[in-house]
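**Q** Please read through the structure below; I'll follow up with questions.
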DNA sequence: CAGATAGTTAGGCATGCGCTTAACTAATAA
DNA sequence: TTATTAGTTAAGCGCATGCCTAACTATCTG
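Residue numbers (the working numbering), protein chains in the order written: chain A, 496 to 609; chain B, 496 to 609.
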């Protein structure tokens with residue numbers, strides 16, 4: 496897990512933690528303060544802050560401090576990036592499958608290994 | 496990271512590791528043997544096997560052993576699940592944003608907190 | 001058969017990660 | 001001003017994770 500270079504690395508790392516995913520799912524229903532997020536999960540407030548820092552570097556959230564309360568907001572762009580990555584892998588695979596099927600249709604050979 | 500209950504947990508955990516993501520991206524181009532996957536990454540073969548075990552429990556891959564070579568295949572269904580989860584969070588958020596915009600249009604108030 | 005090839009299992013090491021408590025700052029309320 | 005509320009920073013603990021080497025099994029090849 497060291498030195499994350501690409502955005503998709505930080506993104507997936509951020510979302511791999513159940514606690515952080517819970518925060519994201521909560522934020523999908525609307526913005527929230529740091530302490531209100533802490534009451535949702537059975538975690539101390541500093542733990543929540545550490546998760547927020549990771550979510551922020553992954554560009555999944557944005558925070559803004561007004562007075563003494565920091566409001567956390569979801570940024571849907573990162574989720575879109577995740578969808579794009581998954582779709583890219585999947586479509587590439589499915590295109591491959593189509594070609595393979597066409598090839599097998601042509602040749603009628605079922606046990607063909609390179 | 497303990498006791499993963501839901502599929503999305505195992506899925507995101509599996510994909511959070513750069514090495515495993517590299518394997519998935521390689522498999523998107525077509526099936527591969529275990530040892531051929533090991534030559535792609537600067538890793539020992541046992542390490543690759545451990546990653547494959549995790550990818551398999553996350554239903555991201557399928558393996559089949561013929562003779563002494565085990566062929567690893569990508570299963571696009573899990574990727575589809577990932578897309579669905581991300582899309583669900585994103586659309587929920589965007590729907591919320593639309594409502595908020597409509598509300599602000601109506602009331603012309605910009606600093607309104609619950 | 002002997003040797004090479006492909007994979008598997010076991011054990012152990014080092015580092016990273018999530019979490020906690022404690023101490024501190026800054027803003028609001030009484 | 002004092003007390004409370006909201007957040008921040010620092011330090012440290014324990015466990016999980018990723019990786020390795022070594023030893024072993026099973027399949028092919030000459």
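For each residue, glycine too, the CB sits at the ideal point set by N, CA and C.
Can you give me the Cβ contacts of residue 523(A) inside the same chain, cut-off strictly under 7 Å, excluding the 5 residues immediately before and after it?
**A** Within the first chain, the letter at position 28 stands for residue 523(A). Counting only Cβ-Cβ distances below 7 Å, and skipping sequence neighbours, we find 569.
**Q** Using a Cβ-Cβ cut-off of less than 8 Å, give me the residues of the segment 563-576 of chain B that come near chain A, in sequence order.
**A** Answer in chain order: 569, 571, 574 and 575.
**Q** Work out the CA separation of residue 577(B) and residue 605(A) for me, nearest whole Å.
**A** Looking up residue 605(A) in the first chain gives position 110. Looking up residue 577(B) in the second chain gives position 82. With a pLDDT of 44 at residue 605(A), under the threshold of 50, the modelled position of this residue cannot be trusted; read the value that follows with caution. Cα to Cα, residue 605(A) sits roughly 32 Å from residue 577(B).
**Q** The alpha helix (DSSP H) that contains residue 505(A), what's its start and end?
**A** Numbered from 1 along the first chain, position 10 holds the residue referred to as residue 505(A). 502-511 is the span of the alpha helix (DSSP H), which, as asked, contains residue 505(A).
**Q** Got a sec: which bits of the segment 507-522 of chain B sit with their beta carbon under 8 Å from any beta carbon on chain A, in order along the chain?
**A** Here the close residues are 507, 508, 510, 511, 512, 513, 516, 519, 520 and 522.
**Q** Apart from the five residues on each side of it in sequence, which residues of its chain come closer than 7 Å, Cβ to Cβ, to residue 530(A)?
**A** On the first chain, position 35 is the one that residue 530(A) refers to. Once the five neighbours on either side are set aside, the close Cβ partners of residue 530(A) are 540.
**Q** Mind listing the chain A neighbours of residue 524(B)? Cutoff is C-beta to C-beta under 9 Å, in chain order.
**A** For the purposes of this step, residue 524(B) is identified with residue 29 of the second chain, where counting begins at 1. Ordered by position in chain A, the residues that pass the 9 Å Cβ test against residue 524(B) are 587, 588 and 591.
**Q** Leaving aside the five residues before and after residue 543(A) along the sequence, list all residues of the same chain whose C-beta is less than 8 Å from its C-beta, in chain order.
**A** Taking the first chain and counting its residues from 1, the one referred to as residue 543(A) is at position 48. Contacts found: 518, 529, 532, 533 and 536.
**Q** What are the partner residues of residue 560(A), as DSSP defines its beta bridges?
**A** For this step, residue 560(A) is matched to residue 65 along the first chain. 565(A).
**Q** Output needed for residue 516(A): all residues of its chain with C-beta closer than 7 Å, excluding positions within five of it in sequence on either side, in chain order.
**A** Taking the first chain and counting its residues from 1, the one referred to as residue 516(A) is at position 21. For residue 516(A), where only same-chain residues beyond five positions count, the Cβ hits under 7 Å are 510.
**Q** CB residue 548(A) to CB residue 506(A), shorter than 8 Å?
**A** The residue given as residue 548(A) occupies position 53 in the first chain. The residue given as residue 506(A) occupies position 11 in the first chain. No.
**Q** Alpha carbon to alpha carbon, how far is residue 538(A) from residue 581(A)? Give it in angstroms, no decimals.
**A** The residue you call residue 581(A) lines up with position 86 of the first chain. The residue you call residue 538(A) lines up with position 43 of the first chain. Computed Cα separation, rounded: 31 Å.
**Q** Among residues of its own chain, excluding the 5 on either side of residue 503(B), which ones have a beta-carbon nearer than 6 Å to its beta-carbon?
**A** Start at 1 with the first residue of the second chain, and residue 503(B) comes out as number 8. Taken in chain order, the residues that qualify are 580.
**Q** Rounded to whole angstroms, what is the Cα-Cα separation between residue 560(B) and residue 586(B)?
**A** Counting from 1 along the second chain, the entry for residue 560(B) is found at position 65. Counting from 1 along the second chain, the entry for residue 586(B) is found at position 91. Their backbone Cα atoms lie some 41 Å apart in a straight line.
**Q** Does the beta carbon of residue 581(A) sit closer than 8 Å to a beta carbon anywhere in chain B?
**A** Taking the first chain and counting its residues from 1, the one referred to as residue 581(A) is at position 86. Answer yes: the Cβ-Cβ gap between residue 581(A) and chain B drops below 8 Å somewhere.
**Q** Kindly list, in the order they appear in chain A, the residues whose Cβ is closer than 7 Å to that of residue 578(B).
**A** By one-based count along the second chain, residue 578(B) stands at place 83. Chain A residues near residue 578(B): 578, 581 and 582.
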